[in-house]
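See structure below.
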Amino acid sequence: MLSESLNTARLGRLRLGAALLFLLLAPQARAQSDAPEPAAADLKPVPVFSVQSGFVTFFEGGTPHLGPLVTPLLLVPVGDKWLIETRGTLESDLAPEPGSPGFKGSLESSVDYLQLDYIANKYVTVSVGRYLTPFGIYNERLYPIFVRDLQTDPLILGIEAGDYGAGTGGMVRGGFDVARGVELNYAAYFSTNSTVEHMESDRAAGFRAGVFLPGPRLEVGGSFQHVLQDERKNSFGFHFAWQPAPLPLDIRAEYARSYDGSGYWIESAYKLSQVPVWRNTMRHFQVVARMQQFYVNPEVVEEEGDSGGFTTNTNMFEFGLNYYFRDDLRFVSSYGRQFAPQGGNENVWTVGMTYRVALPIGHGDIR
Amino acid sequence: MSGRRTGAGLFALTATAWLFCGSAMAQQAAKPAASQPTATAANTTESATGGGKLDDSELRTQGEKRFHANCGRCHQAPQKFPPRMMATIVRHMRVRAMLTDEDMRAILAYMTQ
């Protein structure tokens, strides 16, 4: 009886405490929501944490591969001109092993980038640290799982991104108007050799430059890289992107060439938002098609066993169908056929989901 | 018995009020500012094209165009985040997607309204 009355008293105090806490904090919350909004230019940025995740199953030549992937991203703005940004990747490739049940694989982790950016002026941003190699457009812009329209990598990604997809060193970059309706963007970088685990990179230097026409939404550009490891090899490439304004259509293409080989891909993605039937449903669908070819350097194949990851010239056609539940939650699927002489023909299916979430970090009014 | 009822009543009142406040704040944060009589309505900003001054509605129109031309190359339809988060994300995209200074300001104005 005594214990029951003590519990009742404790419960009462707890409720009273909660009520008092509310009375103290609620007016502050209301005051915050009634305050005038600051102009966009006066906004004080807050740190942001984002997670992009996905689970995509690949069927390559009939063998299933389960691919869970999580990429956490952290953005920490400092003052008006500085930004610390980092992204990591945790992924696995789980495949059946002959003679044992279930799927086997190991967890792989890497730091995609960890860089400090300083916006020096409207023409120049300086970045130091580990950065994504700005060669072409795929590695830096289209690689994230929730951005790419097809979940398989382009065949020329090895030429573009090298072994690690990132460099360690410094970079200057920027974008600015050069005339009315014409923007120029550029990035020039150098990278040192790094053998730090999860943050490896090659010694290299290179640049990328592009011209973007916002009116027709057309971009063309080129890239060059000189690798300064044991092999002093050059790579160069061109990229193209066009979004014709009246249509929900993206057309992108890249070409790259190095001593290891050469190749190109061309991709178009069309959102069915203009289909005149079942509009509410159709606007969530996107159809994608991509064609690509990779030409090996026979000398490299003879010396090293493969050239850019391939032993023979390879062609690939892919068709995808994506469904956007929201812009951050998506069902993805595709079918592709790889053609390679000497028995390398195979079907590649993918099916999965991708998701992204972003949250502010810290206390205070995020408005 | 009466104390228990008072406590339960206060608790219910607190919970309801918190729900109301939370919902009001979330709506406030997500509401387009065009419908709010705020201090920004009278603001003017340097023209995104580098010329004269643009008022907020012109800057937002510029921002919408620039969003679709720049961000639309990789992203789908705009997702609104709270303004101070958006300020960070736009700074990130300025570096990553090499937006111009003018693009950044116009897109930030569009995405925070």
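Residue numbers (the working numbering), protein chains in the order written: chain H, 1 to 367; chain P, 1001 to 1113. Each residue gets a CB set at the ideal place from its N, CA and C atoms; glycine is no exception. The structure displayed is predicted, hence computed values, not measured ones.
- A check of alpha carbon separations from H:Val211 across H:Ser223, H:Ser235, H:Gln274 identifies H:Ser223 as the nearest.
- Just so you know, the alpha carbons of H:Asn121 and H:Met291 end up roughly 40 angstroms apart.
- If the five residues before and after H:Leu114 are omitted, its C-beta is found closer than 6 angstroms to the C-beta atoms of Thr86, Gly129, Arg130, all from its own chain and listed in chain order.
- With at least 16 other beta carbons inside 10 angstroms of its own, P:Tyr1110 counts as buried.
- Around P:Gln1076, the beta-carbon contacts reaching into chain H at under 7 angstroms are Tyr324, Asp327.
- Close partners of H:Pro244 in chain P (Cβ separation under 9 angstroms) are lacking, with about 12 angstroms as the shortest Cβ gap.
- DSSP places H:Ala340 outside any alpha helix (DSSP H), giving it a letter other than H or E.
- At least one C-beta of chain H is nearer than 8 angstroms to the C-beta of P:Glu1102.
- In the DSSP annotation of this structure, the continuous segment of the alpha helix (DSSP H) that includes H:Val301 starts and ends at 298-304.
- Nearest to H:Ser191 by alpha-carbon distance, out of H:Pro341, H:Thr350, H:Phe135, is H:Phe135.
- Burial check for H:Tyr264: the Cβ neighbour count within 10 Å reaches 16 or more, so the residue is buried.
- In chain H, no part has a C-beta under 9 angstroms from the C-beta of P:Thr1061; the shortest such distance is about 14 angstroms.
- Annotated three-state conformation of H:Phe224 is strand, per DSSP.
- According to the DSSP assignment, H:Gly158 belongs to the alpha helix (DSSP H) that extends over 157-161.
- Burial state of P:Asp1101 is buried, judged by a 10 Å Cβ sphere holding 16 or more other Cβ atoms.
- Between P:Phe1067 and chain H, the shortest Cβ-Cβ separation is not below 8 angstroms.
- Excluding sequence positions up to five before and after H:Thr63, its CB lies within less than 8 angstroms of the CB of Ala95, Pro96, all in the same chain and listed in chain order.
- Cβ neighbours of H:Gly362 within its own chain (closer than 7 angstroms, five residues either side excluded): Val46, Pro47.
- A distance of 8 angstroms or more separates the beta carbons of H:Thr314 and H:Thr152.
- Taking 8 angstroms as the cut-off, the beta carbon of H:Ala289 is found no closer than this to the beta carbon of H:Ser273.
- CA-to-CA, the gap between H:Asp306 and H:Pro276 works out to about 49 angstroms.
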